[in-house]
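One structure is given here, and the rest of the page talks about it.
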Amino acid sequence: MTRNLPVVAIIGGGFAGTALALQLAGKAEVTLFEPGPVGPGLAYGTAEPAHLLNVPAAGMSPFPDRPSHFADWLAAQPDAPPPPAEGPRFAPRRLYGRYLQELWAAAATEIRHVPRAVSRVERLGEGGGNGRGFRVTDSAGEVFEADRVVLAVGGFAAGAGAPPHLAGDPWDPAALEGLAPDAPLLLVGLGLTMVDVLLALRDRGHVGPVTAISRHGWLPLSHVTGAFPPPWPMPLVEGAVPGVRAAFCWLRAEAARAAAAGQPWQAVIDGVRPLVQRIWRGWELAERRRFLRHARSAWNLHRHRVAPEAAARIGAELASGGLRPLAARLVEWRVAGEGVEAVLARRAGGTELLRVARIILCTGPEGGRAWREAAPVAGLLAEGLLAEEALGLGLSVSPAGVALDAAGQPVAGIDVLGPLTRGALWEITAVPDIRVQAAALADRIECGKYDIPV
Ligand SMILES: Cc1cc2nc3c(=O)[nH]c(=O)nc-3n(C[C@H](O)[C@H](O)[C@H](O)COP(=O)(O)OP(=O)(O)OC[C@H]3O[C@@H](n4cnc5c(N)ncnc54)[C@H](O)[C@@H]3O)c2cc1C
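Each residue of the sequence shown is one higher than the one before, starting from 2 at the first, in the numbering used here.
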């Protein structure tokens, strides 16, 4: 490796860490710490053919400057499902995972991979560590030094280790195993994770009745079928950021105008999406809190849409009665014989006692809070080198992703990438946003721009 390049430790090799490492290849001395396969992470490690990307292939390149990179790769895969006659292609997520692994294999000669988790990160004082700023210790006790540390640990860990009648981690294959084909099930959550779980169950031959609950009882909405319309123009005057109520009125009005012009509401959401980070950043804490309390569910419903193929299968489930969506809350559950009794409080009033073989938690990635307790974040939080963002959405960071300490001061040399920067940006979950964040960070690292944009 070349000397005098910045020495960077990237912690986590899911999409975010891998995208950054690929973009830094040859520009920095990178060590990537990832105990699992590099690339797929939680989202693209699935083996289920029914788990589709929820972003068209044309939007999934890890490189903002080469947007068709994944779509071109996909077109050359003989085992990929054929593209639809019309409209965008939603590839199986496992193929995307394979693509990331192939990209990684091609770049791996330039990037060091440590196949272990990081258990500790320490900031070194003046003169310590050969002038390097940080000491990183992995789970085997091996010590590394780095100028910069990037936390790309995801933030989506689900509740592993739950008892067999309550599967806390819906992406653990064991959550779907050992069930009789006609076993009745309760899925807690009605979003994209529920779709993943239900379709994977059906592909395994499960035919039993499935009740799925959420606060509102809303089912996921679909992308448009056929060719995508262009994003609806959503001009926002520089400096003018509408509050939550005004923003939703604006969206509704534009959706009505779009409909009058023969365009679907999805085009309006696609039109506003590039502005979401700016709007979020323009909101005071109280306005963000208002959004989370009153508008989050409605926004997520319209923003996170399923591929039309998956939506069609959910429609068929509803028509056949295989899936019963319900606006309700799980208030209590207890083991009863071979299964579970669940007590549901219905939004419409009253309770319902449901006997099922298993409850599977499908509350989705945003519900995961285990990152607070996991190394190395927990240690850095305890030392005050990291702080939780005020609304509990992730870590406290500047809009550029620089970690802020417990006193709200930027910590030079610690950057956060991906969903844990949600508190500063909100819209930073999917590939089209994370790749831009990774490219900007790679640029800062490569150019030695160590001054901290907050
Ligand atoms: C089920 C699901 C489906 C999704 N589908 C799409 C989609 O179709 N399109 C889209 O654009 N977005 C999708 N997303 C959003 C997705 O989160 C992002 O695209 C992206 O995968 C996030 O990557 P990440 O690297 O931040 O997190 P993760 O994929 O969770 O990766 C984090 C990695 O960090 C590692 N790690 C954790 N702690 C340590 C440690 N201490 N030391 C070393 N390594 C550690 C973990 O092993 C893991 O591999 C989906 C998300 C989920 C959960």
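A virtual CB, placed ideally from N, CA and C, is assigned to each residue, including glycine.
Keeping to the same chain, check which residues put their C-beta closer than 7 Å to that of residue i; ignore five residues upstream and five downstream.
i, result
"T47", "R94, R95 and W172"
"R136", "E123, L125, G130, V144 and E146"
"A296", "V245 and F249"
"V336", "H166"
"A317", "none"
"D183", "V208 and G209"
"E111", "A26 and G27"
"G414", "G134, F135, D148, R149 and V150"
Within the same chain, show all residues whose beta-carbon is closer than 8 Å to that of residue i, passing over the 5 residues directly before and after it, in chain order.
i, result
"R133", "V8, L125, E146, A147 and D148"
"H52", "P93, R94, R95, D197, L200 and A201"
"R274", "P232, R304 and E428"
"T422", "G395, L396, V398, G402, I429 and Q438"
"G385", "D406, A407 and A408"
"I1", "With the chain covering 2 to 455 only, the question about residue 1 has no answer from this structure."
"W284", "V242, G244, V245 and F292"
"P68", "A59, G60 and S62"
"E288", "G244 and V245"
"E457", "Examination of residue 457 is not possible in this model, given that the chain is present from 2 through 455 alone."
"R279", "L237 and V242"
Which word fits residue i, buried or exposed, when buried means at least 16 other C-beta atoms lie within 10 angstroms of its C-beta?
i, result
"M2", "Note that M2 has pLDDT 45, beneath the 50 cutoff, so the model's placement of it is unreliable and the number below is only indicative. Exposed: under 16 other Cβ atoms inside 10 Å."
"V432", "buried"
"P420", "buried"
"P143", "Before going further, note that residue 143 is Glu rather than Pro in the sequence given. Exposed."
"N5", "exposed"
"L392", "exposed"
"S397", "buried"
"A245", "Here residue 245 turns out to be Val, not Ala, going by the sequence shown. That one is buried."
"P377", "buried"
"D416", "buried"
"T32", "buried"
"V455", "At V455, the pLDDT of 46 sits below 50, so the modelled position is not reliable; the number obtained from the coordinates is stated separately. Answer is exposed; the Cβ neighbour count stays below 16."
"R1", "The structure shown has nothing for residue 1, since the chain only spans 2 to 455."
"L319", "exposed"
"Q78", "exposed"
"V238", "exposed"
"L286", "exposed"
"D139", "buried"
"A259", "buried"
"E374", "exposed"
"E1", "Since the displayed the chain opens at 2 and closes at 455, residue 1 lies outside it and no answer follows."
"A425", "buried"
"D80", "exposed"
"S321", "exposed"
So, at 6 Å on beta carbons, what are the nonlocal neighbours of residue i in its own chain, with the 5 sequence-adjacent residues on each side left out?
i, result
"V437", "P65"
"K28", "E447"
"D271", "P232"
"W219", "L302"
"M235", "G272 and V273"
"R445", "none"
"A383", "none"
Following a CB-centred definition, is residue i positioned closer than 7 Å to any heavy atom of ligand 3?
i, result
"A153", "Absence of ligand 3 is noted for the structure shown, with ligand 1 being the only ligands found."
Using 8 Å for Cβ pairs, my map puts residue i next to residue j. What's the rounded Cβ distance?
i, j, result
"A439", "A20", "4 Å"
"L191", "G209", "That belief does not hold up - the Cβ atoms of L191 and G209 are roughly 18 Å apart, past 8 Å."
"Q267", "H224", "6 Å"
"L345", "L327", "7 Å"
"R359", "A168", "6 Å"
"A26", "A108", "5 Å"
"L222", "L104", "Incorrect: roughly 31 Å between the Cβ atoms, too far for contact."
"R113", "P36", "Their Cβ separation, rounded to whole angstroms, is 15 Å, which puts R113 and P36 out of contact at 8 Å."
"G323", "V189", "Contact doesn't hold; Cβ gap of about 18 Å is too wide."
"G365", "T194", "5 Å"
"G156", "W372", "5 Å"
Is there contact here, the stretch 399-406 with the stretch 421-431, by at least three beta-carbon pairs under 8 Å? yes
At least three beta-carbon pairs within less than 8 Å, the stretch 176-185 to the stretch 309-318: no
If contact is defined by three or more beta carbon pairs under 8 Å, each pair taking one atom from either stretch, is the stretch 259-276 in contact with the stretch 227-234? yes
For the structure I just gave you, are there three or more beta carbon pairs, one from the stretch 246-255 and one from the stretch 335-343, closer than 8 Å? no
Report yes or no: do three or more beta-carbon pairs, one from the stretch 323-338 and one from the stretch 72-84, lie closer than 8 Å? no
For the stretch 33-45 against the stretch 97-104, are there 3 or more C-beta pairs whose distance is under 8 Å? yes
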